[in-house]
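A quick write-up on the structure given underneath.
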Amino acid sequence: IETKNSTVNALEGLPQLLTYAYRRLEEQSGIWGLTTNGLNYQFVYIQPGNPPTYQLFPELSLIRPEQSMQLLQVLKAIALEGVRC
159 IETKNSTVNA LEGLPQLLTY AYRRLEEQSG IWGLTTNGLN YQFVYIQPGN PPTYQLFPEL
219 SLIRPEQSMQ LLQVLKAIAL EGVRC
């Protein structure tokens, strides 16, 4: 997870997130990442390969009610998965 302050676009953290994830790709078949500014959340999936690739998922915002519910569901699923591990 890479975070920046709320006045910065959430994607500003993408280069740093990709750098961290790239170091771990040899150990994992894929990596989920998240960059946020506290209001907007951008999920990223990184896959190994030559070259490695990443996929941006639709940005979710706490300001938009329907998106904030989706964000809550995603974060809850991540938390539950962490408990299982």
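In terms of my numbering, the numbers along the sequence shown are unbroken and rise by one, the last being 243.
Where a beta carbon is used, it is the ideal one built from N, C-alpha and C, also for glycine.
For residue i, write down the residues that DSSP places opposite it in a beta bridge.
i: Q198; result: It is worth fixing the name first, because residue 198 is Asn in this sequence and not Gln. DSSP output for N198 lists S219 as bridge partner(s).
i: Q213; result: Y203
Once the 5 residues before and after residue i are set aside, which same chain residues still bring their CB inside 7 Å of it?
i: Y180; result: P210
With 16 as the cutoff for other CB atoms within 10 Å, does residue i come out buried or exposed?
i: L238; result: exposed
i: L233; result: exposed
i: L214; result: exposed
i: A168; result: buried
Taking the CB atoms as reference points, tell me whether residue i and residue j lie closer together than 8 Å.
i: T194; j: Q186; result: no
i: G188; j: Y178; result: no
i: L172; j: L197; result: no
Tell me which same chain residues have a C-beta within less than 8 Å of the C-beta of residue i, skipping the five on either side of it?
i: T165; result: N195
For residue i, which residues of its own chain have a beta-carbon under 6 Å away from its beta-carbon, when the five flanking residues on both sides are left out?
i: Q205; result: G188 and T211
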